[in-house]
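> Handing you a structure now.
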Amino acid sequence: MRVSPAPTAPKAVSSRAQRRVPRTRGVVDRRAVPVTRAPPRAATSSSTDDNANAVDGVGFSAAGMIFPYHVGAWQVLRERGLMTPDTPVAGASAGALVAAMHACGIAPDDGNRILLGILRDCRDNGVVGRVGAVLERALRDNLPDDAHVRCSGGKLHVSITAPFLIPLDNAVNDGRSVDRVGFNRGPVALDNEMVSSFDTRDDLIGALLASCHIPVYCGWPARMYRGRYRVDGGWTRLTPTPPGSTRAVSVASFPLIDAWSQAEEGSGTERGNFFAKRATFWEDWGDRDARGLLIAPDSAGGGDCDLDYMELGKWALLPQDDETLEELVRMGRRDAERWAERGGRGCDLARQDVDDAVAA
């Protein structure tokens, strides 16, 4: 699991969450409200429309230790019939864990129980050097024996990052041309790989652990997977979506639209800027929001988030108390409900809002 590096957005402009008028109730007060789940919808004309409009893929972002947010969104998408057991999924880091559980046929409530168990273990016993082992034990104890079969064939796509050194002569490294610059023009470059086929259950678990591998938290600086050293998949693709999908929705636990809008134009390849607007890290973040394909605390429709990126980032670094974890589930549910009520999947209403804002 990981916390994605903080984007280098200009500090003079506050986040959308910070610009909103403060609410009368703070996070602590909201925690007193228990998490409730809406019962599955009856087969009405409305739910029939929802099923007709089901997304053709869902991508879960890297989230560090605030991935209960993803569980809340997952619950709503399943309850509304917008996400079926056959919906292809993708994920990076902690988001890959949620995606894999869906692909394996694990129900959201059971997934929540498993994932909260991981966080409680880390909270009670520490995180440094332990997270990888805790994750591996949970995956081996809970994934079905045929998990690799269920997750193959385009059902699950796991984002993984492979670091490599750029040689001084900038010629060839590991058979690859490296006529490129590394991160911030340094000697290290990062390749992204989306793994979508798994030979064995161990191979699947290895992919998930590689996608979640953050140095120090998970031990050794990198994890070997399929013959290459790997690190956290969110470093190069924060919120992947299933390849080939046209109506995939991204579920992102951080409010980053303002940061994306202020980022440097282009892909950042000339300067090694991983946070340029079209860098693979978040190449279409704001575009997906404008198309109504983003569930996030600050997504279309005006999120109700009292927390900015940095505060959520603190929560993502260390597992929080149970009340905060419940609040994160509630946040994910609330934002997914807001997205669904607006029509979801690139709805005309969201597009009209964008058009109106441009016209104004």
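Numbers given in this note's numbering equal positions in the sequence shown, counted from 1, plus 845.
Cβ atoms here follow ideal geometry from the backbone N, Cα and C, with glycine treated the same way.
Quick caveat: nothing in here was measured; it's all calculated off a predicted structure.
Looking at the structure shown, is H1002 part of a helix, part of a strand, or coil, going by DSSP?
Note: H1002 maps to strand in three-state DSSP.
> Using the rule of at least 16 other Cβ atoms within 10 Å of the residue's Cβ for burial, across every protein chain shown, is E924 buried or exposed?
With 16 or more Cβ atoms within 10 Å of its Cβ, E924 is classed as buried.
> Might you give, ordered along the chain, the residues of its own chain that have their beta carbon closer than 7 Å to the beta carbon of I911, omitting 5 neighbours on each side?
Closer than 7 Å at the Cβ level, and outside the excluded window around I911, lie S1098, L1157, W1160, A1161, L1173.
> Tell me the start and end of each unbroken alpha helix (DSSP H) in the segment 1014–1101 that is at least 4 residues and wholly inside, in chain order.
Entirely contained in the segment 1014–1101, the alpha helix (DSSP H) runs reaching 4 residues are, in chain order, 1046–1056.
> Give me whichever residues DSSP pairs with V903 in a beta bridge.
Its beta-bridge partners are V934, V1094.
> Just how far apart, CA to CA, sit T1006 and H1058?
Near 9 Å, if we compare the C-alpha coordinates of H1058 and T1006.
> Evaluate D1166 with the Cβ neighbour count: other Cβ atoms within 10 Å of its Cβ, from every protein chain shown; 16 or more gives buried, anything less gives exposed.
Exposed: under 16 other Cβ atoms inside 10 Å.
> CA-CA distance, A887 and T929?
Confidence at A887 is low in this model, with a pLDDT of 38, below 50, so its placement is unreliable and no value can be given for it.
> For S1095 versus G917, is the C-beta spacing smaller than 8 Å?
Cβ distance not < 8 Å, so S1095 and G917 don't count as in contact.
> What does DSSP give as the partner residue(s) for I1140 in the beta ladder?
Answer is V1096.
> Closest to A1055 by C-alpha separation, out of W1080, V1033, G1031, M1155, would be which residue?
Minimum Cα distance to A1055 is reached at W1080.
> Using DSSP with H/G/I as helix, E/B as strand and the rest coil, what is P1008?
Of the three classes helix, strand and coil, the one that applies to P1008 here is strand, per DSSP.
> Quick one, which of P1087, A1034, R1071 has its alpha-carbon nearest R1116's?
If we check each option's Cα against that of R1116, A1034 comes out closest.
> Helix, strand or coil: how does DSSP classify G1111 here?
DSSP places G1111 in coil when its eight states are reduced to three.
> Measuring CA to CA, which of A1067, T932, N1118, L942 is closest to P913?
Of the listed residues, the one whose Cα sits closest to P913 is L942.
> Could you give the DSSP three-state label for S1106: helix, strand or coil?
Looking at S1106 - three-state DSSP - the assignment turns out to be helix.
> For N1037, which residues from the same chain have a beta carbon less than 7 Å from its beta carbon, with the 5 sequence-adjacent residues on both sides left out?
Same-chain partners within the cutoff: S1004, T1006, T1081, R1082, T1125.
> Quick check: is the beta carbon of D1143 nearer than 8 Å to any beta carbon in chain D?
The structure shown contains no chain D; it holds only a single protein chain.
> Using 10 angstroms around the beta-carbon of G1113, count the other beta-carbons present and answer buried if the total reaches 16, otherwise exposed.
With 16 or more other Cβ atoms within 10 Å, it is buried.
> Buried or exposed: D1143, going by 16 or more other Cβ atoms within 10 Å of its Cβ?
Buried, because 16 or more other Cβ atoms sit within 10 Å of the Cβ of D1143.
> Please list the terminal residues of the continuous alpha helix (DSSP H) segment that includes C996.
Counting along the chain, the alpha helix (DSSP H) containing C996 begins and ends at 992–996.
> Give me the Cα-Cα distance between P932 and I951, rounded to the nearest whole angstrom.
A small correction: the amino acid at residue 932 is Thr; Pro does not occupy that position in the sequence shown. Going by the C-alpha atoms only, they are around 13 Å apart.
> Using the Cα positions of H947 and E1109, report the straight-line distance between them to the nearest angstrom.
Answer to the nearest angstrom: the Cα atoms are 35 Å apart.
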